[in-house]
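Counting along the sequence shown from 1, when you hit position 186 you're at 185 in numbering that gives the first Met the number 0, and nothing is skipped either side. Everything on this sheet refers to the single structure shown next.
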Amino acid sequence: MKQIDVNTKLLGLFGKPLSFTMSPLMHNAAFQQMGLNYLYIPFEVQEEHFAETIKSLKFFNFAGCNVTSPYKTRVIEYLDEISDRAKIIGAVNTVSLRNGVLKGFNTDGEGFVESLRYEKNIGPKGSKFIVLGSGGAARAIVMTLAFEGADKIYIANRTFKSAVELAEEVNKIHQCAIPLELNSTEIEKHIDETDVIINTTKAGMYPDIAKTPVEITRVHSKLIACDIIYNPIKTTFLKSMEQLGCETVTGVGMLINQGAEAFRIWTGEVPPREQMYALVQSTLIGRMTEQ
Numbered sequence: 000m001k002q003i004d005v006n007t008k009l010l011g012l013f014g015k016p017l018s019f020t021m022s023p024l025m026h027n028a029a030f031q032q033m034g035l036n037y038l039y040i041p042f043e044v045q046e047e048h049f050a051e052t053i054k055s056l057k058f059f060n061f062a063g064c065n066v067t068s069p070y071k072t073r074v075i076e077y078l079d080e081i082s083d084r085a086k087i088i089g090a091v092n093t094v095s096l097r098n099g100v101l102k103g104f105n106t107d108g109e110g111f112v113e114s115l116r117y118e119k120n121i122g123p124k125g126s127k128f129i130v131l132g133s134g135g136a137a138r139a140i141v142m143t144l145a146f147e148g149a150d151k152i153y154i155a156n157r158t159f160k161s162a163v164e165l166a167e168e169v170n171k172i173h174q175c176a177i178p179l180e181l182n183s184t185e186i187e188k189h190i191d192e193t194d195v196i197i198n199t200t201k202a203g204m205y206p207d208i209a210k211t212p213v214e215i216t217r218v219h220s221k222l223i224a225c226d227i228i229y230n231p232i233k234t235t236f237l238k239s240m241e242q243l244g245c246e247t248v249t250g251v252g253m254l255i256n257q258g259a260e261a262f263r264i265w266t267g268e269v270p271p272r273e274q275m276y277a278l279v280q281s282t283l284i285g286r287m288t289e290q
């Protein structure tokens with residue numbers, strides 16, 4: 000980031016709470032390294048002010064924003080355009096502002112897929128997945144996996160009806176989704192054919208770090224276990240899967256890669272991803288020693 004002046008392009012993060020966000024750290028460091036005149040600022044926005052906040056972006060030198068919980072769905076009604084993928088996912092986490100036009104994107108699913116490619120050299124096409132959970136993050140991930148040609152996606156949720164409903168929507172894109180009840184018996188029936196298992200639930204997130212979405216007792220040696228949680232970096236779920244012999248992917252990769260895609264949308268530039276990884280990882284480790 001150059002010296003802040005009248006030409007500095009602004010980027011915001013809108014949501015609540017935002018006390019633990021890594022986004023300002025990684026984006027501003029990347030702007031600084033690349034000499035780009037941008038500034039990324041987090042704003043905790045109350046619900047009664049959200050509509051005015053998004054509309055006001057056009058009055059200032061904003062290049063766009065990120066939107067996080069609880070506004071990823073609500074933001075859509077205030078946008079001028081929305082990408083086809085975000086429309087199907089039904090949520091927006093990234094907004095660009097060009098020539099007075101606010102356009103929404105969803106980079107969450109792509110962020111997960113890129114982290115898997117980057118860390119384990121495996122993509123969705125032809126692969127089989129078990130996804131634990133059926134909330135907003137799960138929706139973005141399974142829709143992206145389907146778009147990119149996954150062979151099979153088991154969607155496991157404790158509320159089976161939610162898994163059924165999400166599977167039905169996925170199958171309109173690509174006939175690959177099968178709903179399951181989220182318990183060890185159902186998961187282990189399908190574990191041998193699975194390439195990647197992903198926890199998208201909040202089980203194991205700080206401060207409830209002892210929790211796990213499911214107790215799995217057996218795996219095969221080539222199974223990759225992923226978690227989208229990044230606090231703690233390695234969850235109880237990932238630790239238990241590692242002990243069974245799995246390779247693991249933490250939530251840091253999804254965080255970095257969804258941010259990298261947003262960075263590209265705003266600036267047209269590819270950010271220094273490895274440096275972003277190192278910075279976020281070291282910062283998270285430092286924070287965890289303080290908790």
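Think of the CB as a built atom: it goes at the ideal place given N, C-alpha and C, for glycine as much as any other residue. No experiment lies behind these values; they were computed from the predicted model shown.
Is residue i helix, strand or coil when you go by DSSP?
i: Lys8; result: strand
i: Ile152; result: strand
i: Tyr37; result: strand
i: Ile75; result: helix
i: Leu115; result: helix
i: Pro69; result: coil
i: Val279; result: helix
i: Lys124; result: strand
i: Ser133; result: coil
i: Ser220; result: coil
i: Gly267; result: coil
i: Gly285; result: helix
i: Gly243; result: For the record, residue 243 in the displayed sequence is Leu; it is not Gly. In the structure shown, Leu243 sits in coil (DSSP, three-state: anything other than H, G, I, E or B).
i: Glu80; result: strand
i: Ile232; result: coil
So residue i is in the beta strand (DSSP E); what residue range does that whole segment cover?
i: Asn65; result: Phe61 to Val66
i: Thr183; result: What sits at residue 183 in the sequence shown is Ser, not Thr. Run containing Ser183: none in the beta strand (DSSP E); it sits in the alpha helix (DSSP H), Ser183 to His189.
i: Gly103; result: Val100 to Phe104
i: Thr180; result: In the sequence as displayed, the identity of residue 180 is Glu instead of Thr. From DSSP, the beta strand (DSSP E) with Glu180 extends over Ala176 to Glu180.
From residue i to residue j, what distance separates their C-alpha atoms?
i: Ala28; j: Asp150; result: 38 Å
i: Thr72; j: Phe159; result: 23 Å
i: Gly252; j: Asn98; result: 32 Å
i: Thr247; j: Lys57; result: 42 Å
i: Val112; j: Ala136; result: 13 Å
i: Leu78; j: His219; result: 46 Å
i: Gly291; j: Ile190; result: Residue 291 lies beyond the range of the chain shown here (0 to 290); nothing can be said about it.
i: Val74; j: Val66; result: 8 Å
i: Met240; j: Ile121; result: 18 Å
i: Leu101; j: Thr93; result: 10 Å
i: Ala162; j: Thr7; result: 45 Å
i: Gly63; j: Gly11; result: 7 Å
i: Glu76; j: Lys221; result: 43 Å
i: Ile81; j: Tyr70; result: 15 Å
i: Pro206; j: Glu47; result: 29 Å
i: Val195; j: Phe61; result: 39 Å
i: Ile40; j: Tyr117; result: 28 Å
i: Gln174; j: Ser55; result: 42 Å
i: Glu167; j: Thr211; result: 27 Å
i: Ile264; j: Leu181; result: 36 Å
Taking the continuous alpha helix (DSSP H) assigned at residue i, which residues delimit it?
i: Asn170; result: Phe159 to Ile172
i: Phe19; result: That residue, Phe19, is in no alpha helix (DSSP H); it is neither H nor E in DSSP.
i: Arg84; result: Asp83 to Ile88
i: Glu46; result: Per DSSP, Glu46 belongs to no alpha helix (DSSP H) and is neither H nor E.
Which word fits residue i, buried or exposed, when buried means at least 16 other C-beta atoms lie within 10 angstroms of its C-beta?
i: Glu143; result: Note that residue 143 corresponds to Thr in the displayed sequence, not to Glu. Classification of Thr143: buried, given that the 10 Å Cβ count is 16 or more.
i: Val5; result: exposed
i: Phe42; result: exposed
i: Ser22; result: buried
i: Gln257; result: buried
i: Thr266; result: buried
i: Phe19; result: exposed
i: Gly34; result: exposed
i: Thr193; result: buried
i: Asp226; result: buried
i: Phe59; result: exposed
i: Asp107; result: buried
i: Pro326; result: No answer is possible for residue 326: the residues shown for the chain start at 0 and end at 290.
i: Glu260; result: buried
i: Ile88; result: buried
i: Ser281; result: exposed
i: Thr184; result: exposed
i: Thr234; result: buried
i: Gly110; result: buried
Is residue i close to chain C? Criterion is C-beta to C-beta, closer than 8 Å.
i: Ile223; result: Although the question refers to chain C, the structure presented lacks it and comprises just one protein chain.
Taking residue i and residue j to be in contact with their CB atoms under 8 Å, please state how far apart those CB atoms are, rounded to whole angstroms.
i: Ala155; j: Ile172; result: That belief does not hold up - the Cβ atoms of Ala155 and Ile172 are roughly 19 Å apart, past 8 Å.
i: Ser126; j: Leu165; result: About 19 Å separates the two Cβ atoms, so there is no contact after all.
i: Leu278; j: Ile232; result: In fact, because the Cβ distance is near 14 Å, the residues do not count as touching under 8 Å.
i: Cys245; j: Ile223; result: 7 Å
Would you say the beta carbon of residue i is closer than 7 Å to some non-hydrogen atom of the ligand NAD?
i: Pro270; result: Absence of the ligand NAD is noted for the structure shown, with no ligands found whatsoever.
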